[in-house]
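Scroll down for the structure; my scribbles are underneath it.
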Amino acid sequence: MDKVYREYNQAELDAQYNARSAVPAFDTFVTRWQETSQRATRELECTLDVAYGESSVERLDIFHPIDGGPAPVLIFFHGGYWRAGDKSWFRFLARPFVERGSMFVIPKYGLCPDHDMDELVAQCRRAVAWTHRHASEHGGDSARLFISGHSAGGHITGMMLATDWAATDGLPENAIKGVTGISGLYDLEPIRLSKVNEPLRLLEASADRNSPVKLPLPIEPPATLLAFGGLESDEYGRQGAAYRDVLRKAGGKPVTLKVEGHHHFSILDAFGNPKHRLGRAVLEQLGLA
Numbered sequence: 329m330d331k332v333y334r335e336y337n338q339a340e341l342d343a344q345y346n347a348r349s350a351v352p353a354f355d356t357f358v359t360r361w362q363e364t365s366q367r368a369t370r371e372l373e374c375t376l377d378v379a380y381g382e383s384s385v386e387r388l389d390i391f392h393p394i395d396g397g398p399a400p401v402l403i404f405f406h407g408g409y410w411r412a413g414d415k416s417w418f419r420f421l422a423r424p425f426v427e428r429g430s431m432f433v434i435p436k437y438g439l440c441p442d443h444d445m446d447e448l449v450a451q452c453r454r455a456v457a458w459t460h461r462h463a464s465e466h467g468g469d470s471a472r473l474f475i476s477g478h479s480a481g482g483h484i485t486g487m488m489l490a491t492d493w494a495a496t497d498g499l500p501e502n503a504i505k506g507v508t509g510i511s512g513l514y515d516l517e518p519i520r521l522s523k524v525n526e527p528l529r530l531l532e533a534s535a536d537r538n539s540p541v542k543l544p545l546p547i548e549p550p551a552t553l554l555a556f557g558g559l560e561s562d563e564y565g566r567q568g569a570a571y572r573d574v575l576r577k578a579g580g581k582p583v584t585l586k587v588e589g590h591h592h593f594s595i596l597d598a599f600g601n602p603k604h605r606l607g608r609a610v611l612e613q614l615g616l617a
């Protein structure tokens, strides 16, 4: 078969980005996430489904810091290859952060194919801007705003870093103080060429303008942690390394972390574990370790 991207033919490229097929127990992860998320909403102080924009999908969940704040704010963008998933699945991740003094925010955003990539990214920008403006009303400190994301959510964090906040939303240009990208996808060209693109409908131009590795950064990037699982396909590590190089060229000091023993979904267990190297690194970024 002919090569379609780097050293991969079509079947090989599709396999590189088919995270679910690599983890047969995927459904058990979703079930556990949903069950523990329901428990989190019962046991933690939270405000759910807050509107951050006019669209019915533009809603976010806020988990309040247990000490009342003002606390650092961590926004988490969920994954699902831009076509699946919901913020309600990931509420369980709030617990380790709010229990250590952070405010935790999980935005919902429109999914493909009902929403295209440009619209999806614009919604996430509105979520960040809303959170910055209203954090103090919920125990957060807008001067300590951090973002994180998994898989497609990692891509979104890169797009947020490429945003000129002063020009776009009238926010401070350094509104984002730190970033954690987990198994992020920062170059959409291989996505465009793979089976993943069927619901996304990316064209070459839309893939380029939504690829963090191809976008200029308006300011020197803040502290950035780029993590990927040791059991993930090679492309996830390559994506993180490519984005690390972009951030370095822009004056940043990004750190990459290979999380040994974890695949595309179990890596969230490490993110939400304060005793794990990954979870501890995020808390250190927030100033809470």
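Start counting the sequence shown at 329; every next residue gets the next number (my numbering). Glycine included, every Cβ here is placed at the ideal spot set by N, Cα and C.
How about A339 and Y409: do their beta carbons lie closer than 8 Å?
Their beta carbons are not under 8 Å apart, which means A339 does not touch Y409 by this criterion.
Counting Cβ pairs, one atom from each stretch, are 3 or more of them under 8 Å apart for the segment 395–409 and the segment 425–440?
Output reads yes: the segment 425–440 touches the segment 395–409.
Looking at S539: is its Cβ nearer than 8 Å to the Cβ of Y514?
yes
Inspect the beta-carbon positions of F420 and T364 and report whether they are closer than 8 Å.
A distance below 8 Å separates the beta carbons of F420 and T364.
Excluding the five sequence neighbours on either side, which residues of its own chain have a C-beta within less than 8 Å of the C-beta of V332, listed in chain order?
Q338, L341, L521
So if DSSP puts K508 in a beta bridge, which residue, or which two residues, is it bridged to?
The residue you asked about is not Lys; residue 508 is Thr in the sequence shown. For T508, which the question treats as bridged, DSSP gives the partners S476, L553.
Since A569 and E548 are thought to touch, with beta carbons under 8 Å apart, how far apart are those beta carbons, to the nearest angstrom?
Contact flag wrong, Cβ pair sits at about 20 Å.
Can you give the Cα-Cα distance for V291 and M329, rounded to whole angstroms?
Lying outside 329 to 617, the shown extent of the chain, residue 291 is not represented and no answer is given.
Considering only the alpha carbon of each residue, which of E517, H460, R360 lies closest to A503?
H460
Report the three-state DSSP secondary structure of G468 (helix, strand or coil).
strand
CA-CA distance, Q344 and S561?
6 Å
Counting C-beta neighbours from all protein chains within 10 Å, is the total for R529 16 or more, i.e. buried, or is it exposed?
exposed
Looking at D395: is its Cβ nearer than 8 Å to the Cβ of D377?
no
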